[in-house]
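Engineer: Letter 10 of the sequence shown, counting from 1, is numbered 377 in the numbering used here, and no numbers are missing.
Ideal Cβ placement from N, Cα and C applies to all residues, glycine included.
Just so you know, these numbers come straight off a predicted model, no measurement behind them.
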Amino acid sequence: MLRYPVKLSRDTNGTILVEAPDIPEAHTFGEDQAEALLRSRDAIETALSMYIDDRRPIPRPSPAKRGSKLVTLPALTEAKIALYSAMRQQGVGKGELARRLSCHLTQIDRMLDLFHRSHMDQLEAAFRALGREISITVSRAA
368 MLRYPVKLSR DTNGTILVEA PDIPEAHTFG EDQAEALLRS RDAIETALSM YIDDRRPIPR
428 PSPAKRGSKL VTLPALTEAK IALYSAMRQQ GVGKGELARR LSCHLTQIDR MLDLFHRSHM
488 DQLEAAFRAL GREISITVSR AA
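#1: Classify leucine 375 as helix, strand or coil using the three-state DSSP reduction.
#2: Since phenylalanine 396 sits in a beta bridge, which residues does DSSP pair it with?
#3: Should alanine 442 be labelled buried (16 or more other beta-carbon atoms within 10 Å of its own) or exposed?
#4: Determine the contact status of arginine 406 and threonine 413, defining contact as a CB-CB distance below 7 angstroms.
#5: Taking all protein chains shown into account, do 16 or more other C-beta atoms lie within 10 angstroms of the C-beta of isoleucine 516, making it buried, or fewer, making it exposed?
#6: Specify the secondary structure class of arginine 433 as computed by DSSP and reduced to three states.
#7: Quick one: grab the DSSP three-state call for threonine 413.
#8: Over what stretch of residues does the alpha helix (DSSP H) that includes serine 452 continue unbroken?
#9: From valine 505 to isoleucine 425, what distance separates their C-alpha atoms?
#10: Would the stretch 445 to 460 count as touching the stretch 487 to 504 if we require 3 or more Cβ pairs under 8 angstroms?
#11: Throw me the rounded Cβ distance for the tyrosine 371 and isoleucine 419 pair, which I believe falls under 8 angstroms.
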């Protein structure tokens, strides 16, 4: 699972500020810690979505430092990031993947859109087209 560490700090107006050291573009706030952490997931996903749009590499989460909290990204988001990373590693663009899957470019755009509710079978087909497969591990919650 992708778990990014975040740093929480109190602002002068009493709100809780959130920063993600691995993703400088991801910052947000909340009235309390719970709200700040909830918003931090959206901030991280939004920043990573910009990385994909800009064709930048996705940073791996660093180990959590003392006092930091971890924000876990949804499994579907992680699968989309893995697809994007596999495409980058192989030098396969969206057009080439669409050709391999015999689909329209808009379908590939949706598969890489972190906020679109893609179907897992579509992602599985995309991974197969790249010579990869999805492997799921279920473990006890921390």
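Structural biologist: Answer, in terms of the structure:
#1: In the three-state scheme derived from DSSP, where H, G and I count as helix and E and B as strand, leucine 375 is classed as strand.
#2: Leu384
#3: exposed
#4: no
#5: Lying outside 368 to 509, the shown extent of the chain, residue 516 is not represented and no answer is given.
#6: coil
#7: helix
#8: 442 to 457
#9: 24 angstroms
#10: yes
#11: So it is not a contact: roughly 16 angstroms between Cβ atoms.
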